[in-house]
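Visitor:
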Amino acid sequence: MRGFVVAVDRGRYTCLVESAGEKDRRRKKDRPEGAAMSGRVVVAMKARELGRKGIVVGDQVALVGDVSGASDTLARVVRVEPRTSMLRRSADDTDNTDGIERPVVANADQLVIVTALADPPPRPRMIDRMLVAAFDADIEPMLCLTKSDLAPPDELVSLYAPLGVPYVVLQKGGTLEEVRERLNGRTSVLVGHSGVGKSTLVNALVPDANRAVSHVNAVTGRGRHTSTSAVALELPGGGWIIDTPGVRSFGLAHVSVETVLAGFPDLVEGTVDCPKGCNHLGEECALDAWVASGHADPARLVSLRRLLASREGAPDDD
Numbered sequence: 001m002r003g004f005v006v007a008v009d010r011g012r013y014t015c016l017v018e019s020a021g022e023k024d025r026r027r028k029k030d031r032p033e034g035a036a037m038s039g040r041v042v043v044a045m046k047a048r049e050l051g052r053k054g055i056v057v058g059d060q061v062a063l064v065g066d067v068s069g070a071s072d073t074l075a076r077v078v079r080v081e082p083r084t085s086m087l088r089r090s091a092d093d094t095d096n097t098d099g100i101e102r103p104v105v106a107n108a109d110q111l112v113i114v115t116a117l118a119d120p121p122p123r124p125r126m127i128d129r130m131l132v133a134a135f136d137a138d139i140e141p142m143l144c145l146t147k148s149d150l151a152p153p154d155e156l157v158s159l160y161a162p163l164g165v166p167y168v169v170l171q172k173g174g175t176l177e178e179v180r181e182r183l184n185g186r187t188s189v190l191v192g193h194s195g196v197g198k199s200t201l202v203n204a205l206v207p208d209a210n211r212a213v214s215h216v217n218a219v220t221g222r223g224r225h226t227s228t229s230a231v232a233l234e235l236p237g238g239g240w241i242i243d244t245p246g247v248r249s250f251g252l253a254h255v256s257v258e259t260v261l262a263g264f265p266d267l268v269e270g271t272v273d274c275p276k277g278c279n280h281l282g283e284e285c286a287l288d289a290w291v292a293s294g295h296a297d298p299a300r301l302v303s304l305r306r307l308l309a310s311r312e313g314a315p316d317d318d
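Numbering (the UniProt record's numbering) for the sequence shown: 1 to 318.
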């Protein structure tokens with residue numbers, strides 16, 4: 001039987017099986033946190049023959065054994081189907097730590113980068129990192145700008161307008177129709193640092209989600225981690241959103257330098273006149289003249305160079 005992994009917790013994989021319209025025969029108290037969904041829910045463990053092969057939220061898997069979904073039963077995951085995409089991050093930008101890829105979500109076709117316009121303030125370099133990750137995973141990105149009742153979106157929107165990245169602007173008590181339209185029928189993974197309103201948005205989109213909501217620390221300006229694991233939630237109008245824990249960093253050690261640069265499409269053309277083997281950090285780099293001529297926002301070049309320098313051990317803080 002085929003299942004869709006909606007949550008992972010300490011070696012147990014919660015899977016949705018059968019048709020989307022089937023009545024859920026599993027008791028509500030046995031569902032993972034926030035798992036508002038239709039269909040039958042089956043909890044499974046990984047079969048020994050899969051070895052170290054990882055299973056993440058969003059995976060399509062083959063299940064055998066007890067797939068009744070009855071309480072206190074366990075099925076077995078015996079196969080992970082080929083993935084259409086895999087969003088990854090690493091703990092750091094260099095190999096000085098482990099440099100190991102950390103799978104985040106499988107089979108998503110849209111990456112929704114949730115960022116607040118104030119409280120906490122936006123972090124463009126974090127956005128740039130997530131755009132690179134989306135490019136690497138071949139997932140379409142979208143900006144979701146929250147808390148526009150506290151600050152206008154114009155400056156941030158103008159920064160990313162040359163890239164053609166779609167965006168939605170939200171405010172407290174405002175309509176969610178536009179974001180619903182962009183999520184409808186798709187599998188979207190939501191990412192963002194803590195306190196940007198991601199869990200609040202999820203609860204508004206999926207009324208039964210009950211995702212915990214954090215508050216921003218008045219001293220540090222940062223949010224507290226509330227969601228502790230990724231979970232897939234079925235949207236009432238069709239499609240899925242995968243909520244992920246708030247992040248304070250998004251390492252790209254697993255991404256090649258060429259892919260990092262390709263994640264800055266507004267700067268790529270400016271590298272044509274760079275000398276062979278240019279690392280885009282020195283005085284010989286042609287990007288300075290390109291940006292000085294008005295082809296791109298200087299802040300974008302700063303962000304690219306901070307990211308490239310971080311791969312050599314330099315800090316990269318917004």
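Glycine included, each C-beta is placed from N, C-alpha and C at the ideal position. Here the structure is a predicted model, which means the values were calculated and not measured.
Along the alpha helix (DSSP H) that carries T200, what are the first and last residues, could you check?
Guide: Unbroken alpha helix (DSSP H) run through T200: K198 to L205.
Visitor: Helix, strand or coil: which one does DSSP assign to S90?
Guide: Strand, per DSSP.
Visitor: So I72 is in the beta strand (DSSP E); what residue range does that whole segment cover?
Guide: Inspection of the sequence shows that residue 72 is occupied by Asp rather than by Ile. Counting along the chain, D72 falls outside any beta strand (DSSP E), and DSSP gives it neither H nor E.
Visitor: Work out the CA separation of T115 and P153 for me, nearest whole Å.
Guide: If I take the Cα positions, the gap works out to 11 Å.
Visitor: Just the C-alpha distance for L252 and V42, rounded to the nearest angstrom, thanks.
Guide: Each residue's alpha carbon lies about 34 Å from the other.
Visitor: What does the alpha-carbon distance come out to for the pair N217 and V196?
Guide: Confidence at N217 is low in this model, with a pLDDT of 38, below 50, so its placement is unreliable and no value can be given for it.
Visitor: Do R182 and P166 have their C-beta atoms closer together than 8 Å?
Guide: Yes, the pair counts as a contact, with Cβ atoms nearer than the cut-off.
Visitor: Return the chain-ordered list of same chain residues with a C-beta closer than 7 Å to the C-beta of F135, the five sequence neighbours on each side being excluded.
Guide: For F135, where only same-chain residues beyond five positions count, the Cβ hits under 7 Å are T259, A262 and G263.
Visitor: Among E155, G192 and V257, which has the Cα closest to the Cα of L304?
Guide: That would be V257, whose Cα lies nearest to the Cα of L304.
Visitor: Leaving out five residues before and five after V64 in sequence, what residues of the same chain have Cβ atoms less than 6 Å from its Cβ?
Guide: Result list for V64: R76 and V78, in chain order.
Visitor: From which residue to which residue does the beta strand (DSSP E) around S188 run?
Guide: Segment T187 to V191, the beta strand (DSSP E) holding S188.
Visitor: If you measure between the beta carbons of L87 and A108, is that distance less than 8 Å?
Guide: Yes, Cβ-Cβ distance for L87 and A108 is below 8 Å.
Visitor: State the Cα-Cα distance for the pair R186 and L201, rounded to the nearest angstrom.
Guide: One C-alpha to the other measures close to 17 Å.
Visitor: Looking at the structure shown, is E140 part of a helix, part of a strand, or coil, going by DSSP?
Guide: Reduced to three states, the DSSP call for E140 is strand.
Visitor: Please state if the CB of L170 and the CB of S194 are separated by a distance shorter than 8 Å.
Guide: It is not a contact, given that the beta carbons lie outside the stated cut-off.
Visitor: Let me make sure I understand the geometry here. Which of T84, L267, R129 and C274 has the alpha-carbon closest to that of S310?
Guide: Comparing Cα positions, the closest option is R129.
Visitor: Note down the Cα distance separating A314 from A299, rounded to an integer number of angstroms.
Guide: Going from the Cα of A314 to the Cα of A299 covers about 18 Å.
Visitor: Three-state secondary structure (DSSP) at L308?
Guide: The answer is helix: DSSP assigns L308 an H, G or I state.
Visitor: Is it the case that the Cβ atoms of V6 and V57 are separated by a distance below 8 Å?
Guide: Cβ atoms of V6 and V57: closer than 8 Å.
Visitor: Applying the 10 Å Cβ sphere with the 16-neighbour rule, what's the burial state of D93?
Guide: Flag for D93 reads buried.
Visitor: Pick from S293, V268, E101 and E269: whose alpha carbon is nearest that of A137?
Guide: Looking at the Cα atoms, E101 is the closest of the given residues.
Visitor: CB-CB under 7 Å to F250, same chain, minus the five flanking residues each way: which ones, in chain order?
Guide: Answer for F250: R89, M126, R129, M130 and A133, listed in chain order.
Visitor: Tell me where the beta strand (DSSP E) around D243 begins and ends.
Guide: Element bounds for D243: W240 to D243.
Visitor: For a test of the three-state rule: what should DSSP assign to R40, helix, strand or coil?
Guide: If DSSP states are grouped into helix, strand and coil, R40 belongs with the strands.
Visitor: Could you compute how far the alpha carbon of V189 sits from the alpha carbon of R180?
Guide: Their backbone Cα atoms lie some 14 Å apart in a straight line.
Visitor: DSSP three-state call for T259: helix, strand or coil?
Guide: T259: helix per DSSP, three-state reduction.
Visitor: In the structure shown, what three-state DSSP assignment does D66 receive?
Guide: D66 falls in the coil class under three-state DSSP.
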